Amino acid sequence: MKTWLKVVCVVFLFYSVIGGLLLPVPRLAIVNETIRGLYYHVPMWFGMVTMFAFSVYHSVVYLRKPSFGTDIKSQLYANVGVMLGMLGIFTGMIWANYTWGSPWHGDPKQNGAAIALLVYFAYFILRGSVENEEQKARLSAVYNVFAFVTMIPLIFVIPRMTSSMHPGNGGNPGFNMYDLDSQMRLVFYPACIGWILLGFWIANLRIRIKLIEETLLETSNEK
Amino acid sequence: MKNKIALCIACFLLANLAFGQEPEMADTMRSEGKIYVLVAIISTILLGLLVYLFFIERKVTKLEKLLSEKK
C-alpha cells in the first residue's frame, strides 16, 4: 500500500473522531446526541462492502486465470470484510438498544446483515474443509461469487422494499432527515474513506504474512 | 388594552414552552469542556492502534527482506 494512502487513512480517521465529536449535528428527538453514531457505525458497512467487492473481484480473476496470489487475496479481503461487518453488527446493536428499545429489533436490514455475515462464515468453513489446495481455491472462488450476489439484495434491496427503521429505507421521521444533512456529510464521507483505507491496510498486511508463510513452507518442503 | 397585550405575550410564551422545546443534547457537557476529555481518550486509543499497525508492517517488511536474502 502506498504511503500517501496510509497518511490519508490516518488523517481521516483522526478527523472522524475529533470532528465527529465536536462539529455540530442536527438536533433530533429520539436519537439526540447518538446521531454521531453515524460517523462510526455506517463506515463499518462501507468498509465491509468494499472488502467483499475486492474479494469477489479476485475470485473472478482466479476463475479466469488460476493463481495462488489471487486466491489468498480473495480469502483475506473477505476476512477483513467479515471483521468490519461484525463490528458493524455490534455497534448497531448498541445503538439500537438506545434508540429502538432493544439490541435486536428484527429490523429487515439488521436481519439481512446478519444473514450476509453467516453466508460469509460458510465461505471460511468451506475453505477449511477442503484438503486439496486447487480444489479449495476453485470451490471457494465459485462460492464467493454466490456469497457476494446474496449479500447485495440482503443489505441493499430487501430493506428498501419492506419497512425498515434504517434511514433511507422506511418511514421513521426521526431518522429520515439526517442522511440529507450537509453538515454531517463533511465528517461522514472522510470517515468512510478512512475506514475503507484501514481495511485495505490490514488486508495488505495479512496477504503479505500469508505469502511469507507460503514461501517458508515451500522451502521447508524442498529440504 | 394593556391586559390584552400581556395576555397575548403570556399565550405566546406558553405556546413556546409547549411546542418549541428542543430535543435534549449534551450541551452542558460541551460547555464545561468535558467533551475534550473524550476526544483525547479516543484519539489516544486510535493513535496507539495505528502506531502498532505501523510497527507490524515494519516487522513484515523485515521478514520479507530476510526471506529474499535467504533464497
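Protein chains in written order, with the numbering used here: chain A, 458 to 680; chain B, 553 to 623. C-beta atoms are modelled at their ideal positions from N, C-alpha and C, and glycine is treated no differently. In this text, all values refer to a predicted model and were calculated from it rather than measured experimentally.
Could you check whether the Cβ of Leu541/A sits closer than 7 Å to any Cβ belonging to chain B? Along the first sequence, read from residue 1 onward, the residue named residue 541/A stands at position 84. Judged by the 7 Å Cβ criterion, Leu541/A is not in contact with chain B.
When you compare the CB of Glu609/B with every CB in chain A, is at least one pair closer than 7 Å? Your numbering for residue 609/B matches position 57 in the second sequence. With 7 Å as the cut-off, Glu609/B counts as an interface residue toward chain A.
Which residues in chain B sit within 8 Å of Val474/A, going by Cβ to Cβ distance? Position 17 of the first sequence holds residue 474/A. By Cβ distance, chain B contributes Val591, Ile594, Ser595, Leu598.
Could you give the C-beta distance for Gln640/A and Leu495/A, rounded to a whole number, given that I count them as a contact under 8 Å? The residue given as residue 640/A occupies position 183 in the first sequence. The residue given as residue 495/A occupies position 38 in the first sequence. Incorrect: roughly 11 Å between the Cβ atoms, too far for contact.
Would Val467/A pass as an interface residue toward chain B - the criterion being a Cβ-Cβ separation below 7 Å? For this step, residue 467/A is matched to residue 10 along the first sequence. Val467/A counts as touching chain B.
Just to check my reading of the structure: Phe657/A and Val513/A have Cβ atoms closer than 8 Å, yes? What is that Cβ distance to the nearest angstrom? Within the first sequence, the letter at position 200 stands for residue 657/A. Within the first sequence, the letter at position 56 stands for residue 513/A. Not a contact, Cβ separation roughly 15 Å.
In terms of alpha-carbon separation, which member of Tyr600/A, Ser677/A, Thr676/A, Lys667/A lies closest to Phe525/A? Sequence index remark: in the first sequence, residue 525/A carries index 68 (1-based). Ranking the options by Cα distance to Phe525/A, first place goes to Lys667/A.
Near Val467/A, what residues of its chain come up, given a Cβ to Cβ distance below 7 Å and the 5 sequence neighbours on each side ignored? The residue you call residue 467/A lines up with position 10 of the first sequence. Excluding positions up to five away in sequence, the list is empty.
Relative to the ligand COA, is the shortest distance from any of its heavy atoms to the C-beta of Ala598/A smaller than 6 Å? Looking for the ligand COA in the displayed structure turns up nothing, as the structure carries no ligands at all.
For chain A, find out if any of its Cβ atoms is closer than 7 Å to the Cβ of Glu576/B; answer yes or no. As a position in the second sequence, residue 576/B is number 24, starting the count at 1. Interface residue, yes.
Cutting at 6 Å between CB atoms, please list the residues of its own chain near Ile650/A, excluding the five before and the five after it. Translated into the one-based positions of the first sequence, residue 650/A becomes position 193. Taken in chain order, the residues that qualify are Phe469.
Could you work out which residues of chain A lie near Glu514/B, taking near to mean beta carbons separated by less than 7 Å? As displayed, chain B neither begins before 553 nor continues past 623, which places residue 514/B out of reach and without an answer.
Should Leu574/A and Gly542/A be called a contact, given that it needs their Cβ atoms to be closer than 7 Å? As a working note, residue 574/A is residue 117 in the first sequence. As a working note, residue 542/A is residue 85 in the first sequence. Going by C-beta atoms, Leu574/A is nearer than 7 Å to Gly542/A.
So, at 7 Å on beta carbons, what are the nonlocal neighbours of Met505/A in its own chain, with the 5 sequence-adjacent residues on each side left out? Sequence index remark: in the first sequence, residue 505/A carries index 48 (1-based). Once the five neighbours on either side are set aside, the close Cβ partners of Met505/A are Gly538, Leu541, Gly542, Gly545.
Between the beta-carbon of Pro616/A and the beta-carbon of Lys680/A, is there less than 7 Å? Sequence index remark: in the first sequence, residue 616/A carries index 159 (1-based). Sequence index remark: in the first sequence, residue 680/A carries index 223 (1-based). No; because the gap between Cβ atoms is not below 7 Å, this pair is not in contact.
Just reading off the alpha helix (DSSP H) that Leu480/A is part of, what are its end residues? Taking the first sequence and counting its residues from 1, the one referred to as residue 480/A is at position 23. Element bounds for Leu480/A: n/a, residue is neither H nor E.
Give a yes or no on whether the C-beta atoms belonging to Ile492/A and Val482/A are separated by under 7 Å. Here residue 492/A refers to the residue found at position 35 when the first sequence is read from its first residue. Here residue 482/A refers to the residue found at position 25 when the first sequence is read from its first residue. Contact: yes.
Express the C-alpha separation of Phe471/A and Thr598/B in angstroms, rounding to a whole number. As a first step, residue 598/B must be located in the second sequence, where it is residue number 46. As a first step, residue 471/A must be located in the first sequence, where it is residue number 14. In the sequence as presented, Thr is not what sits at residue 598/B; that position holds Leu. Whole-angstrom Cα-Cα distance: 8 Å.
Going by DSSP, what residue range makes up the alpha helix (DSSP H) through Thr613/B? For the purposes of this step, residue 613/B is identified with residue 61 of the second sequence, where counting begins at 1. 587-622 is the extent of the alpha helix (DSSP H) around Thr613/B.
Please report the distance separating the alpha-carbon of Ala592/B from that of Arg582/B. Taking the second sequence and counting its residues from 1, the one referred to as residue 592/B is at position 40. Taking the second sequence and counting its residues from 1, the one referred to as residue 582/B is at position 30. Straight-line Cα distance between these residues: approximately 14 Å.
In angstroms with no decimal places, state the Cα-to-Cα distance between Ile487/A and Ser595/B. Position 30 of the first sequence, counted from the first residue, corresponds to residue 487/A. Position 43 of the second sequence, counted from the first residue, corresponds to residue 595/B. Whole-angstrom Cα-Cα distance: 27 Å.
Trp658/A touches chain B at which residues, Cβ-Cβ below 7 Å? Within the first sequence, the letter at position 201 stands for residue 658/A. By Cβ distance, chain B contributes Leu605.
Can you tell me the Cα-Cα spacing of Asn589/A and Leu643/A, whole angstroms? Numbered from 1 along the first sequence, position 132 holds the residue referred to as residue 589/A. Numbered from 1 along the first sequence, position 186 holds the residue referred to as residue 643/A. Asn589/A and Leu643/A: Cα-Cα distance of roughly 49 Å.
Is there a Cβ of chain A sitting closer than 7 Å to that of Leu601/B, yes or no? In the second sequence, counting from the first residue as 1, residue 601/B sits at position 49. It does not; no Cβ of chain A falls within 7 Å.
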